[in-house]
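Asker:
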Amino acid sequence: MAQNPKSIVSCGYTPLTSNIPTEPSDHQLCCQMEFYMAGPNHEFTQVTRFIPETFGDPGMRTFRISVDSASSSAKIWLEKEQLAELCLAMVQMEKENLEEEGATGNPPDNIEAEGLTNLDFKANRLAFGHNPDSGLFVVDAHDPEYDGNEEPTVRIWVTRTMIRGFSRDGLEIVSAGRPICQLCGRPVNPDGHYCERSNGHSRDAAERL
-12 MAQNPKSIVS
-2 CGYTPLTSNI
8 PTEPSDHQLC
18 CQMEFYMAGP
28 NHEFTQVTRF
38 IPETFGDPGM
48 RTFRISVDSA
58 SSSAKIWLEK
68 EQLAELCLAM
78 VQMEKENLEE
88 EGATGNPPDN
98 IEAEGLTNLD
108 FKANRLAFGH
118 NPDSGLFVVD
128 AHDPEYDGNE
138 EPTVRIWVTR
148 TMIRGFSRDG
158 LEIVSAGRPI
168 CQLCGRPVNP
178 DGHYCERSNG
188 HSRDAAERL
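Per our numbering, the sequence shown starts with residue -12, numbered consecutively.
1. Tell me the rounded alpha-carbon separation between LEU75 and SER154.
2. Would you mind listing the beta strand (DSSP E) stretches within the segment 121 to 173 that are 3+ residues and don't spill past its ends, in chain order?
3. Just to confirm, is the Cβ distance from ASP127 to PRO39 under 7 Å?
4. Excluding the 5 residues preceding and the 5 following GLU138 in the sequence, name in chain order all residues of the same chain whose CB lies nearer than 7 Å to its CB.
5. Kindly indicate which three-state DSSP category HIS180 falls into: helix, strand or coil?
6. Within this structure, are the beta carbons of LEU113 and GLN69 separated by less than 7 Å?
7. Are the segment 155 to 171 and the segment 35 to 51 touching by the rule of at least three beta carbon pairs closer than 8 Å?
8. Measure how close the beta-carbons of ALA57 and VAL141 come, nearest whole angstrom, since I'm counting them as under 8 Å.
9. Kindly indicate the opening and closing residues of the beta strand (DSSP E) around ALA114.
10. Let me know the secondary structure DSSP gives SER60 once reduced to three states.
11. Alpha carbon to alpha carbon, how far is ASP171 from GLU83?
12. Over what stretch of residues does the beta strand (DSSP E) that includes LEU106 continue unbroken?
13. Quick check on this structure: which residue in PRO45, ARG48, ILE52, SER59 has the alpha carbon closest to the alpha carbon of LEU103?
14. So for GLU40, helix, strand or coil by DSSP?
15. Starting from GLU66, trace the alpha helix (DSSP H) both ways and give me its first and last residue.
16. Using CA coordinates, which residue listed in ASN176, GLN169, PHE50, LEU85 is at the minimum distance from ALA71?
17. Quick check on the burial criterion: 16 or more other C-beta atoms within 10 angstroms. Buried or exposed for GLU183?
18. For MET77, which residues from the same chain have a beta carbon less than 6 Å from its beta carbon, with the 5 sequence-adjacent residues on both sides left out?
19. When DSSP builds the beta bridges, which residues end up paired with VAL78?
20. Report the residue from LEU85, LYS109, VAL175 whose alpha carbon sits nearest the alpha carbon of ILE63.
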């Protein structure tokens, strides 16, 4: 039977840089620690690739998590805010468990089911946790189209090295987006934007400040 992470920290949004929107995310994410018992529909325990990706120009970008494990793969699409929240949760929990840095991270006892699994969905919920017994970290992603959406669609077991690389690259991706207007706090498109704080008359407010 697969091990459950002892705790899951949800990806509660915390602003990091001026390029991350400061409005709360409307996704089903919270900030507290919780015990997580639900078993996943799919479980990736032999992960070889775990990276954040982005496509498109600023203002039109899409974001996803790309995972390869044994004979399976997953493309998990998410919002920019979700990516930022996940990366910040990784940084926080990795620091809280530094005493286990030298531990050998062994995957759960069960072996991934044989056969090819290719997942491609947009997540409406993410959770991130740590399993002290194995020294591994866990990402749960929920596909809203699954019946009930109570169990994670996929559970991904990753090493400390993987989450360090993922959080570093993910935060770089997030901060490389559109600049933020210093008046209203909203992203500024290449052709400017409508700023309510300046009565809509300042399309270049960010440049003049």
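Yeah, the Cβ is synthetic: ideal placement off N, Cα and C, and Gly gets one too.
Answerer: Taking the geometry as given:
1. Here residue 75 refers to the residue found at position 88 of the sequence shown. Here residue 154 refers to the residue found at position 167 of the sequence shown. Each residue's Cα considered, the two are about 7 Å apart.
2. 123 to 129, 141 to 145
3. Here residue 127 refers to the residue found at position 140 of the sequence shown. Here residue 39 refers to the residue found at position 52 of the sequence shown. No, the pair does not count as a contact, with Cβ atoms beyond the cut-off.
4. Here the question's residue 138 lines up with position 151 in the sequence shown. The answer, listed in chain order, is ALA25, GLY26, PRO27, ASN28.
5. As a working mapping, residue 180 is identified with position 193 in the sequence shown. In this structure, HIS180 counts as coil in the three-state DSSP scheme.
6. The residue you call residue 113 lines up with position 126 of the sequence shown. The residue you call residue 69 lines up with position 82 of the sequence shown. Cβ distance < 7 Å, so LEU113 and GLN69 count as in contact.
7. At 8 Å Cβ cutoff, the stretches touch.
8. Taking the sequence shown and counting its residues from 1, the one referred to as residue 57 is at position 70. Taking the sequence shown and counting its residues from 1, the one referred to as residue 141 is at position 154. Not really, about 13 Å apart at Cβ, beyond 8 Å.
9. The sequence position of residue 114 within the sequence shown is 127, counting from 1. That run of the beta strand (DSSP E) goes 112 to 118.
10. By one-based count along the sequence shown, residue 60 stands at place 73. SER60 falls in the strand class under three-state DSSP.
11. Position 184 of the sequence shown holds residue 171. Position 96 of the sequence shown holds residue 83. According to the sequence displayed, residue 171 carries Cys and not Asp. In a straight line, the C-alpha of CYS171 is about 35 Å away from that of GLU83.
12. Start at 1 with the first residue of the sequence shown, and residue 106 comes out as number 119. Segment 105 to 109, the beta strand (DSSP E) holding LEU106.
13. Numbered from 1 along the sequence shown, position 116 holds the residue referred to as residue 103. The candidate whose alpha carbon is nearest that of LEU103 is SER59.
14. Within the sequence shown, residue 40 is the residue found at index 53, counting from 1. Three-state result, GLU40: strand.
15. Position 79 of the sequence shown, counted from the first residue, corresponds to residue 66. Note, GLU66: premise wrong, no alpha helix (DSSP H); not H, not E.
16. The residue labelled residue 71 in the question sits at position 84 within the sequence shown. Ranking ASN176, GLN169, PHE50, LEU85 by Cα distance to ALA71 puts PHE50 first.
17. If you number the sequence shown from 1, residue 183 lands on position 196. Its Cβ having fewer than 16 others within 10 Å, GLU183 is exposed.
18. As a working mapping, residue 77 is identified with position 90 in the sequence shown. When the five nearest sequence neighbours on each side are left out, the beta carbons in the same chain lying within less than 6 Å of the beta carbon of MET77 are those of ILE150, SER154, in order along the chain.
19. Here residue 78 refers to the residue found at position 91 of the sequence shown. Per DSSP, none; premise fails for VAL78.
20. Working through the sequence shown from its first residue, we reach residue 63 at position 76. Out of LEU85, LYS109, VAL175, LYS109 has the C-alpha closest to the C-alpha of ILE63.
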